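Here the structure comes first, spelled out in C-alpha cells, and everything after it is commentary.
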Amino acid sequence: MSYQNEFEAKYIVGLCAHLLRLGYSPSQITILTPYVGQLMMIRNKMPKSEFNGVHVTAIDNFQGEENDIILFSMVRSTNPKSSRTTIGFLKEDNRVCVSLSRAKHGFYAIGNFELIRHQSRLWESIISDVESRECYGNSLPLYCCNHPEIKYSAQTGSDFEARAPNGGCRKMCDIRLPCGHSCTQICHVVDTEHAEFKCKKICDKPCSYNHPCKSGHYCYRNCPPCRESVERVIPDCGHTQIMECWVKDHKCQEIVTKTMPRCGHEQDIPCSTKPSLVLCRAPCPRKCINEHPCQKSCSEYCGQCLVEMEKVVPSCDHKQMIPCNMQPECFKCKAPCPKLCPNGHPCPKECSKPCGKCKLRIPKAVSTCGHMQYMKCYQEPDPANCRGECEKLCPNGEHKLRKLCSEDWPECRERVIKTLPECGHAVEAQCIADPSTILCVKPCERSCEAGHKCLKLCHEKCAPCPSKVKKTLLCGHTHVMTCGQASKNSFKCPTKCLKPICERGHICKSTCHSPKTCGVCKEMVTIQLSTCSHKQTLKCFSSTDPASYGHTCQHPCEKKLQCGHVCQKKCGEPCQKICTENVVLDLICGHRARVQCHKKSQDTVMVNCKERVSVRIDCGHTTQTECYKAKYKSLLRKACNKECKKTLSCGHACQKPCGNMCTRECMKLVRRRRRSCGHVLECECYLAHTVDHSPCTKKCQKRLPCGHPCQNACGEPCSMCTLKSLHRYPCGHSAKIPCNSSIEENPCKRKCTTVLSCGHNCSGNCGHCYSSRMHAVCIFEIRLQRYCGNSVTLPCAGLADYCDRNTHTIPCVHTRDHSNCQQLCSWNCKHFQCQKQCTEECDRPPCNEPCDKELRCGHRCPGLCGERCMSVCPQCEKRKFIRQLHPTARLGHIPANQPFFELDCGHIFTVGYLDECMEHSN
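For the sequence shown, full-length UniProt numbering begins at 1 and goes up steadily by one.
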C-alpha cells in the first residue's frame, strides 16, 4: 500500500506556483517524494497549462540528478508517541542522502518533523542543525520584493495565492508607465520594467499636431492615422485645402480653368490634374461639308454627320429628311405609295416597299345565289364558301331549312302530327320520320278473354293477364290465381295430398298431384329380420321383402372362429377365414412380441424381434439396435458413426466416423508460421509442409516510402501507394490527392479568386494560374468603340486597363485620328526615348534604372524606371508584399536593392528572375 498526505500535496503545489510567479523557470524546479501514491496525488493537483515543465518524481528515480530548487514531501504523519508509528523509507540512509543532496540553490522540506526525529537518530541530528540556523518552523516566512516592509507567512497551501497573487503582495503596483498611465496590476515581481505589460486604458496620446486620439482603442496599441480635418496651403499652387491631418502629399482638388494643349479650349479641372491627361468636354467646333456643327465633344471622334436634311429621292422624286452623310440613292423612301390596285384602291405601304396584293376587305356578290360576302380585294367569291342564309324548303315543301347557303341539305327536324298505320293513333314526330318506323307510346286498347284491359303500351306485346280470379281445379280445390294462369290451366295446386298411401296407415305428404297416383311410402319403420332376428330401420316400401331391395344386417357378427376369437365382420357378411386378432408370442431370443392370431402357429424364427438392445461391436463401441439385427455385427461395424479412436501418423486423432476407413490426409486445422514473412496461417494438417511455398494471403505489413502501409497481400509485390492524403497547395487551398502523385500532376482545381487589373475576376482555375505563373486571359466581353466610329463586342483581354467604363476608347495623345498620327511615340523616360512614330511598333529598350517616384505612403518605388509603380509598399505593407511575392522569389536570398516587377495578375517577381526566364525562353 502506498501512502498519501493531502495537506502536504496542496502545500507543495501552492509553493511551486508561488516560485513560478516569482519568475523561476519550470525546468528549475523538481518535486521529490518517497511514495508513488503521493506522487500521483501531486500530479493530479498540477494542471498542465500552469505547471508544464515541472519535474515530479520519486526519490529512487532521481539518483544521480540535481536541480536548482528541490521541494521535498515526507508524507508520513501520525502520532509520534504511538508504539505502531514508523517512518518507512525515511529511515534508510541512502534515500535520506538522495533527498537532501539534490538542490543547487534552494531546498524546501514539508513534513511532520516531530514524528521523524523520534524515529531516526540521523533525522534528529539534521533537524537540530536546521533549528540552530533558524530554517525550521510551522510556516514559511515570506516578504515582498517591491515592498520589503511587508512580511507574511504561509501556513497552508492556499496562503500563497491569497497573500501574494502575483508573487509580491496585495498592494497595487501604481508605477507610472511610459504612456503616462499607472499600472493597474497587483504588486508583481515579474516584468518590473513593464516591458511586456499592455495598458488597457483608452488612448489619449496626441498626434504631431497635438490632436487627441479619438479612435477609442487601448493605449498599448499603435494609433491609427489622425483623421482630424485641418486646413493647409498646397505649396505647389498656394491653394488652401481641407484634408485629414495624416495626409502629407495632398493633391490639390481646387477647380481651376486650364487650357487644353491639344485643342486650346478652356476646361474646369482639379488644380493637380495635368491638362494633357484630361479629355476635353467642350463642344466640337468642326463642321461637315454641309456646314452642320458636330454634335460631340471636342475629345471624341466626329464620325459621320447624322443631322437630317431635306433631299429628293431620285427613284420617286419624293422629298425626305435624310441624314447628311447619306446619299439619296441609298435612302429608302418612307412617303405613302401613290399607286392604285385594279379596283382603284390606294396602296397602304411606303413608297420604297413592294405593293403586293390589295388586302382591303370589300363586299362581293356570289354568282349562284346572289348573296353579298365581304372578302379581300384580290379574292373572287366562291359559292362553296357562301355564308348567307338558305331560302329553300324541305322535301315535304312545308318548312324552311335552317342552314347556310353553302352547306348540304340537312334532315328536317320540325315536329309535326303523324297517324300510325298499324294502330291509327296520331303522334308527334319529326317531319322527316317514316310513320311505319315510329313506336306508339299510347296505352294499349286490347282486352283478354275475360274482358280485362291490357296494361302495357300500344307498341308492346300483350302479356298474360295479371288480374286475380278464383277457380276450382280438377282436384276439387279452389284457389286465387291470375287470369292468364286460369286460361292456360298452368296453375299447380299447393294443397297437401293427405291420402292413405300404404297398409300401415301412412298418409301422402306431397302436394296435390291428382289425377296421378301417390307413389310408394317412404316413411322409416323398424322391423325384425327373419334371418338373424336383429332389428333394422328401413323405408316402409322395402320392409316387406328387404332381401329383394339388397338390404343386409349391419350388426357386428357374433359367431366365433376356430381359434375362439369373435368374427370382426358384419352379421350379413360371410365370416373371415383367418383371424387378425393381436396376441402375445414368446420369441426364441427371450423377448415377447405382439403378432396376429393366424401367425401364432408359424415358426418363431421367422418373426423379427423389434426390441432395442445394446450390442458391442468389433471396434469396441456399444450401439443401440433392433434385436434381430444384433447377429449382423459386420454390418453394424460399417454403420458405426461414433468418433474414431485411431491416431494418424501425424499424431492427430482421425476425424472421420468409426465405420469409415481412415485416410492418410489429416483434415484437422493447424496453425503454422511462415518463415519468409512471419505470418501465422491456418490450414489442414496434411498441407502444413506447403505453407512456405504457397502465397501468403494476410495483409502486407511493410511500410511504403511515403509512410502508409502497403495495401496488397503479403505474397504480392508491393505496388505504389493508392491512398489519398491531404496536401496543401502554395495557393493556400487543400485537397486530397493520391499519395504516389505530386502537386504538379494534380494541380488545384478550385476557381481562381484573384481580381485582375481590369476589375474582372480571373476565369481560370487556381492550379493553372499558379503553374503557368500568370492568370488566364480575361474573357469578359466588353463594348469597344473603334476609330471609325463603329462599336464591337470583344473579350476584355486587358483592354479594360484603359478605362473603367463599359465603352472603351483608346485615344491617341496627339490627335483623335490615331491611324493618321505622324508624331513621335510618347512612351519614354528620362533615360530612353522611342524614335518611332505613334502608329509604329516601339523601339525603346527596357530601362533597368531604379524608379525615382514615390508611392502613396511616401517611400520610394522599388520598381524600374518607365514601368508601372508597385501597388504594395514592401516596407509599410510587408505581410501583403510577401503574400503577393511569387514563391520562386522566396526560394533563395534576394540581393539588396534588387528591383521588383508587378505583373497584371498581381504576382511580384524580382527583375533578375524575369530576365533569366526571358533568356531561357529565347
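Ideal Cβ positions, reconstructed from N, Cα and C, are used throughout, including at glycine.
For clarity, every value in this text was computed on a predicted model and none was experimentally measured.
Taking C-alpha atoms, which residue in the options lies nearest to residue i?
{"i": "Ser543", "options": "Cys405, Tyr374, Gly858, Leu529", "result": "Leu529"}
{"i": "Arg674", "options": "His292, Thr663, Lys698", "result": "Lys698"}
{"i": "Phe113", "options": "Thr623, Cys145, Met74, Val96", "result": "Met74"}
{"i": "Arg868", "options": "Gln875, Glu329, Phe900, Pro874", "result": "Phe900"}
{"i": "Thr419", "options": "Val441, Arg413, Lys171", "result": "Val441"}
{"i": "Cys739", "options": "Val595, His907, Cys721", "result": "Cys721"}
{"i": "Leu824", "options": "Gln835, His831, Lys830", "result": "Gln835"}
{"i": "Ser77", "options": "Glu8, Cys609, Tyr301", "result": "Glu8"}
{"i": "residue 930", "options": "Cys718, His194, Cys714", "result": "Coverage of the chain is limited to positions 1 through 922, which leaves residue 930 absent and any answer about it impossible."}
{"i": "Pro224", "options": "Ile242, His239, Val247", "result": "Val247"}
{"i": "His555", "options": "Val313, Ser548, Cys567", "result": "Cys567"}
{"i": "Val469", "options": "Cys458, Glu460, His477, Cys483", "result": "Cys483"}
{"i": "His181", "options": "Arg95, Ser229, Ile202, Ile322", "result": "Ile202"}
{"i": "Glu428", "options": "Glu422, Ile417, Pro421, Glu131", "result": "Ile417"}
{"i": "Gly906", "options": "Ile882, Asn897, Phe51, Glu916", "result": "Ile882"}
{"i": "Arg176", "options": "His194, Val190, Ile737, Ala164", "result": "His194"}
{"i": "Ser649", "options": "Ser467, Cys685, Leu401", "result": "Cys685"}
{"i": "Lys364", "options": "Val233, Pro381, Pro212, Glu350", "result": "Pro381"}
{"i": "Gly238", "options": "Cys226, Glu228, Cys252", "result": "Cys252"}
{"i": "Gly87", "options": "Ile116, Gln63, Met481", "result": "This sequence places Ile at residue 87; Gly is not what is there. Ile87 has its Cα closest to that of Ile116, out of Ile116, Gln63, Met481."}
{"i": "residue 924", "options": "Cys512, Leu498, Cys873", "result": "The requested residue 924 does not occur in the structure, where the chain is confined to residues 1 to 922."}
{"i": "Leu100", "options": "Ser694, Phe72, Gly111", "result": "Phe72"}
{"i": "Val189", "options": "Asp236, Cys207, Arg281, His147", "result": "His147"}
{"i": "Leu140", "options": "Glu149, Val130, Glu131, Gln155", "result": "Gln155"}
Can you find a heavy atom of the ligand GDP that lies under 8 Å from the Cβ of residue i?
{"i": "Cys553", "result": "With respect to the ligand GDP, the structure offers nothing, as it holds no ligand at all."}
Mind checking whether residue i and residue j have CB atoms under 9 Å apart?
{"i": "Tyr844", "j": "Gln833", "result": "Contrary to the premise, residue 844 reads as Arg rather than Tyr in this sequence. Against a cut-off of 9 Å, the Cβ pair of Gln833 and Arg844 comes out as a contact."}
{"i": "Arg102", "j": "Leu32", "result": "yes"}
{"i": "Cys465", "j": "Ala450", "result": "yes"}
{"i": "Asn828", "j": "Gly863", "result": "no"}
{"i": "Cys579", "j": "Lys570", "result": "no"}
{"i": "Cys700", "j": "Gln711", "result": "yes"}
{"i": "Phe107", "j": "Ala17", "result": "no"}
{"i": "His621", "j": "Lys642", "result": "yes"}
{"i": "Lys151", "j": "Gln119", "result": "no"}
{"i": "Cys394", "j": "Leu404", "result": "no"}
{"i": "Gln562", "j": "Asn582", "result": "no"}
{"i": "Cys431", "j": "Arg402", "result": "no"}
{"i": "Cys294", "j": "Arg281", "result": "no"}
What residue range does the alpha helix (DSSP H) around residue i cover?
{"i": "Gln38", "result": "36-44"}
{"i": "Ser132", "result": "121-132"}
{"i": "Gln884", "result": "878-884"}
{"i": "Ser49", "result": "48-51"}
{"i": "Arg95", "result": "93-100"}
Name the one or two DSSP bridge partners that residue i has.
{"i": "Tyr143", "result": "Lys151"}
{"i": "Cys683", "result": "Val670"}
{"i": "Thr625", "result": "Val613"}
{"i": "Arg387", "result": "According to DSSP, which records beta bridges pairwise, Arg387 is partnered with nothing at all."}
{"i": "Asn210", "result": "Beta-bridge pairing links Asn210 to no other residue."}
{"i": "Cys268", "result": "Reading off the sequence, residue 268 comes out as Asp, not Cys. In the DSSP output, where bridge partners are listed per residue, Asp268 has Thr257."}
{"i": "Ser763", "result": "According to DSSP, which records beta bridges pairwise, Ser763 is partnered with nothing at all."}
{"i": "Gly106", "result": "Ile69"}
{"i": "Gly167", "result": "His188"}
{"i": "Asp586", "result": "Arg592"}
{"i": "Gln528", "result": "Lys535"}
{"i": "Ser725", "result": "Ile737"}
{"i": "Glu902", "result": "Ile908"}
{"i": "Arg860", "result": "Glu854"}
Between which two residues does the beta strand (DSSP E) holding residue i run?
{"i": "Ala433", "result": "Run containing Ala433: none; DSSP gives neither H nor E here."}
{"i": "His18", "result": "First-last for His18: 6-21, but that is the alpha helix (DSSP H), not the beta strand (DSSP E)."}
{"i": "Leu177", "result": "Counting along the chain, Leu177 falls outside any beta strand (DSSP E), and DSSP gives it neither H nor E."}
{"i": "Ser734", "result": "734-738"}
{"i": "Lys418", "result": "415-419"}
{"i": "Glu244", "result": "240-244"}
{"i": "Leu636", "result": "Unbroken run through Leu636 is the alpha helix (DSSP H), 633-638; no beta strand (DSSP E)."}
{"i": "Glu231", "result": "229-233"}
{"i": "His55", "result": "55-58"}
Residue ranges of each beta strand (DSSP E) within the segment 459-518, 3 or longer | Qualifying beta strand (DSSP E) stretches, in chain order: 468-472, 478-482.
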